[in-house]
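Just so we're on the same page, my numbering is the position in the sequence shown counted from 1, plus 6. Glycine included, every Cβ here is placed at the ideal spot set by N, Cα and C. Here's the structure, in structure tokens; my notes come after.
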Amino acid sequence: MSEGTQTNSKLTSEEAVKAASSELYSDILVRACRNGWRYPRSYIENGFRRHLAELKLQLVDQGYSFVPNMTANDLPVRGPISETKRRLVGSRQFSCSHPYWRDE
Numbered sequence: 007m008s009e010g011t012q013t014n015s016k017l018t019s020e021e022a023v024k025a026a027s028s029e030l031y032s033d034i035l036v037r038a039c040r041n042g043w044r045y046p047r048s049y050i051e052n053g054f055r056r057h058l059a060e061l062k063l064q065l066v067d068q069g070y071s072f073v074p075n076m077t078a079n080d081l082p083v084r085g086p087i088s089e090t091k092r093r094l095v096g097s098r099q100f101s102c103s104h105p106y107w108r109d110e
């Protein structure tokens, strides 16, 4: 490769980032619901888009590049995301543990 085309970026798929963002944002909504906060579907849809955009910016800052339909080396941050989810969401015994916004 020529010097101008070399990169030190890590690759992950768009789909893996979308899935991770959706999982994390869903958990944020579950926590909000447990605190008595429920949002209209339009707010939630905008929130999903904003969360994805912010996650992508954070990953770019960490050296990631995104490619469509990639399976090898897919988003190695899934482990930390799962750990964060366990810590933040906790037990699934509460009624807010399902995606209530899909019930509308």
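Check	Outcome
Secondary structure of Tyr49, DSSP reduced to three states	helix
Sequence-distant residues of its chain with Cβ nearer than 7 Å to Ser15 (five each side left out)	Gly69, Tyr70 and Ser71
Run of the alpha helix (DSSP H) containing Val32, from where it starts to where it stops	Looking at the sequence provided, one finds Ser at residue 32 rather than Val. Segment Glu20 to Arg40, the alpha helix (DSSP H) holding Ser32.
Alpha carbon of Gly53 to alpha carbon of Glu29, nearest angstrom	13 Å
Inter-residue Cα distance where the pair is Ser27 and Pro46	19 Å
Buried versus exposed, by CB contacts within 10 Å (16 or more), Ala59	exposed
Per-residue DSSP class, three states only, for Lys62	helix
Cutoff 8 Å; reference Leu61; Cβ partners in own chain excluding five residues on either side	Val23, Ala26, Ser27 and Leu30
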